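The listed protein sequences derive, respectively, from chains A and B.
Its first residue numbered 0, the first sequence is counted upward by one per residue in numbering that gives the first Met the number 0.
Its first residue numbered 0, the second sequence is counted upward by one per residue in numbering that gives the first Met the number 0.
Take a look at the structure set out below.
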Amino acid sequence: MDTDSIHSGYSHHSNRSRGSNKQSERSSRDRHKSHSRDSSSRSDKNVTISASSAQPPQPDQGSAPTDAQDDNWGETTTAVTGTSDHSLSQEDLAGFGKETDGPVEKLNCIRFIPLALTLLLGLLVLVTPLSFLVLPQVLWPERLQACGTACEGLFLSLAFKLLILLLAGWALFVRPTRASLPRIAVFRALLGLLTLLLLLSYWLFFGVRILDSQEENYHGIVQFAVSLVDALLFIHYLAVVLLEIRHLQPCFSLCVVRSTDGETHHYNLGQLSIQRAALVILQHYYKDFSVHNPALLTAAKSRAAKHLAGLKVYNVDGAGSDAATAQSRAKIAAAARQRDTSHNELYYEEAEHDRRVRKRKARLVVAVEEAFTHVRRLQDEEKKKPPGDEMDPREAAQAIFPSMARALQKYLRTTRQQHCHSMDSIQAHLAFCITNNMTPKAFLESYLMAGPTLQYGRECWQTRQWTLVSEASVTSPLHHGSEFQLKSSDFSLVVTSKAIPHLKLSEEYVHPKSHKFVLQLQSETSV
Amino acid sequence: MSFIPGQPVTAVVQRIEIQKLREGDNLILGFSIGGGIDQDASQNPFSEDKADKGIYVTRVSKGGPAEVAGLRIGDKIMQVNGWDMTMVTHDQARKRLTKKKEDVVRLLITRKSLEETVRQSMMQH
């Protein structure tokens, strides 16, 4: 279906593969994946999460080629009787729809450079204090003064501090990267530089004061090593504060508006650079914003086209006069004068659409409720009896699915959601609901309301490639009134930030015994 | 009828003498009072200053001795037989008006229209 091609980033391949038959399907899928790998490695400027676009599910054999998606599964699904579970259309479709799950990680080397640098620095940090201790023992062992219990205490503390440092460093730095940002992360780079500087200066001192002069006071050398580890622990503390804690206190309220349908959400963020703020916003986008449905926007576009196409301007007096502005002004004036009844059409169309949706919804709800009454969980006592028609959830779902399939498909078509839900996903959801003892209403809720993007299968959120468009530099911090855009292939998110105002809280002390009351009397006495 | 705390209250007053009417065992005057320092002055519909806790006439029965004597609804009673009524409780006011041994009560009342009449008459001269 055409709307699918909007979603997938590299969709011209999928159009080709749709018309193919079973044999070429696998080869085209491999070709498609290799193409996606190449083209995405080119675009490392973009904020990426991970690459490829998944293959849309293959069409039903009996469906019309234009409406190639699973749209007609409602009509062509054959009912499964109790004995036969090999109905061809369902099994085959299930086989076609299976995609190789799991994200295909791009083997893009640039993504692993920060991790490699971090590991290198970690290795240096581990090796340096140990080498400070070991080198004197190796190079001039006979001249070293033996130091007793004080040194042993220092050895212990050094060992534990090093262990703690390594664990803390692993916890903070060695994490799978969630995204690749367009510019370097400033704070991490600064911290890496600081650590490197510290290590270099310590090596310098070690080389000059201890190696060259072959210092004999081993106690002093051990204390030197311990002081290095202390300094490294403090740098780690600085890292925790700068990277994790500083942006926790909310300072800015960001308003995120989707450009196609105006859906708005607000988020409170702390002091972050623009690229990190964009990352946080994208992570919230997938769970807060309802899924982008381009089919819902076509009505507005057709109306806009009608407005534009209504009038044609002919220049009678000869060419050369200021054509453009005069023409547009003439158009606007004529359109204002013309009695425009398009608002009438819109009103009645929307009323009609609402009625149709409600009717289909009523039929759907009834069909689903009836379907759910046919399935019942096997009680424990019944399990001991010889097994009759026992089914696991997937089979049970497949058994009751045909009775509601038609109503569900009609409803999805009316609300233009049919490309978001494949037959597989619906059956999987049905099996999930049956397993967890959900009511029919719970099963239907994900189809009646448009949920967040994460709720749908991979086909609906193929664009994981976003472009950050900003006038200010993306590593500059957020300030009041900063604006930027996050563009994806079909729509963009426009973000504006406002500073949270300084709140002044004052206190008012209320003595617990100060709550006293009097009665208000209004007597009137006649004399 | 403005009241400045700490300053003596000045007002234009009218002297009204009411003869009590005997009805069975009771002597009645034929009007109702409201107000007092123990009452809620903000609900007084007749006072200009809603903090005024004086005694006001809230109802005058038709044809009774008070109406005959010239008492009107909304009047503020300043004195009864020489006793001050500007700083009394509601019950004290009632007692001073209904003493069984007195047949006649001489009231000093004030109302807004009194000031205007006085001013008008002064302007005429």
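Just so it is clear, CB atoms sit at the ideal spot from N, CA and C, and this is done for glycine as well.
Here the structure is a predicted model, which means the values were calculated and not measured.
Helix, strand or coil for residue 440 of chain A, going by three-state DSSP, please let me know. helix
For residue 42 of chain B, decide whether its Cβ has a neighbour in chain A, counting only Cβ atoms nearer than 9 Å. yes
Taking DSSP as the reference, what is the three-state secondary structure of residue 42 of chain A? Only weak support exists for where residue 42 of chain A lies, its pLDDT of 37 falling under 50; the value from the coordinates is given anyway. The answer is coil: DSSP assigns residue 42 of chain A none of H, G, I, E or B.
Residue 491 of chain A: first and last residue of the uninterrupted alpha helix (DSSP H) it sits in: Residue 491 of chain A -> not in any alpha helix (DSSP H); beta strand (DSSP E) instead, spanning 491-498.
If the cut-off is 7 Å on Cβ atoms, which residues from the segment 77-108 of chain B count as contacting chain A, listed in chain order? 89, 93, 96, 97
Residue 81 of chain B classed as buried or exposed, judged by whether at least 16 other C-beta atoms fall within 10 angstroms: exposed
The beta strand (DSSP E) that contains residue 95 of chain B, what's its start and end? Run containing residue 95 of chain B: none in the beta strand (DSSP E); it sits in the alpha helix (DSSP H), 89-96.
Near-chain B residues of the segment 515-526 of chain A (beta-carbon distance less than 8 Å), N- to C-terminal order: 519, 520, 521, 522, 523, 524, 525, 526
Separation of residue 232 of chain A from residue 215 of chain A, as counted between CA atoms: 27 Å
For residue 288 of chain A versus residue 496 of chain A, is the C-beta spacing smaller than 9 Å? no
Under 9 Å Cβ-Cβ, which residues of chain A neighbour residue 18 of chain B? None at all; the shortest Cβ gap to chain A is about 14 Å.
Can you say whether residue 433 of chain A is buried or exposed, counting buried as having 16 or more other CB atoms within 10 angstroms of its CB? buried
Return the Cβ separation of residue 413 of chain A and residue 274 of chain A in integer angstroms, given the expectation that the two are a contact with Cβ distance under 8 Å. Not quite, the Cβ-Cβ distance comes to about 42 Å (not below 8 Å), so this is no contact.
Quick one, are the C-beta atoms of residue 424 of chain A and residue 456 of chain A less than 9 Å apart? yes
At a CB-CB cut-off below 8 Å, which residues of chain A make contact with residue 37 of chain B? 520
Cβ neighbours of residue 57 of chain B in the same chain (closer than 6 Å, five flanking residues each side left out): 31, 33
Any beta carbon from chain A within less than 9 Å of residue 28 of chain B's own beta carbon? yes
Can you tell me which of A:204, A:351, A:436 puts its alpha carbon nearest to the alpha carbon of residue 530 of chain A? Outside the displayed span of chain A (0 to 526) sits residue 530 of chain A, for which this structure offers no information.
Three Cβ pairs or more, each shorter than 8 Å: is that satisfied between the segment 240-255 of chain A and the segment 182-191 of chain A? yes
Residues of chain A with a CB under 9 Å from the CB of residue 33 of chain B: which are they? 521, 522, 523, 524
Is residue 31 of chain B helix, strand or coil by DSSP? strand
Strictly under 9 Å for the Cβ-Cβ distance: is residue 58 of chain B near chain A by that measure? yes
If contacts are defined as beta-carbon pairs under 8 Å, then residue 253 of chain A and residue 468 of chain A qualify, I think. What distance do you get, rounded to the angstrom? About 15 Å; that fails the 8 Å criterion.
With which residues is residue 82 of chain B paired in a DSSP beta bridge? B:79
Which residue wins for smallest C-alpha separation from residue 522 of chain A, given the options B:113, B:38, B:60? B:38
Give me, in chain order, the residues of the same chain whose beta-carbon lies closer than 7 Å to that of residue 355 of chain A; leave out the 5 immediate sequence neighbours on both sides. 413
Residue 89 of chain A (DSSP reduced to helix, strand or coil): Low confidence applies to residue 89 of chain A: its pLDDT is 48, below 50, so where it sits in the model is not reliable, and the reading given next is rough at best. Helix.
Check residue 250 of chain A in the structure and name its three-state DSSP category. coil
Could you compute how far the alpha carbon of residue 500 of chain A sits from the alpha carbon of residue 46 of chain B? 47 Å
Quick check on residue 512 of chain A: does DSSP put it in helix, strand or coil? helix
May I ask which residues mark the beginning and end of the alpha helix (DSSP H) holding residue 352 of chain A? 341-372
According to DSSP, simplified to helix, strand and coil, what is residue 416 of chain A? coil
In this structure, does DSSP put residue 109 of chain B in helix, strand or coil? strand
Range of the contiguous beta strand (DSSP E) that encloses residue 484 of chain A: 482-486
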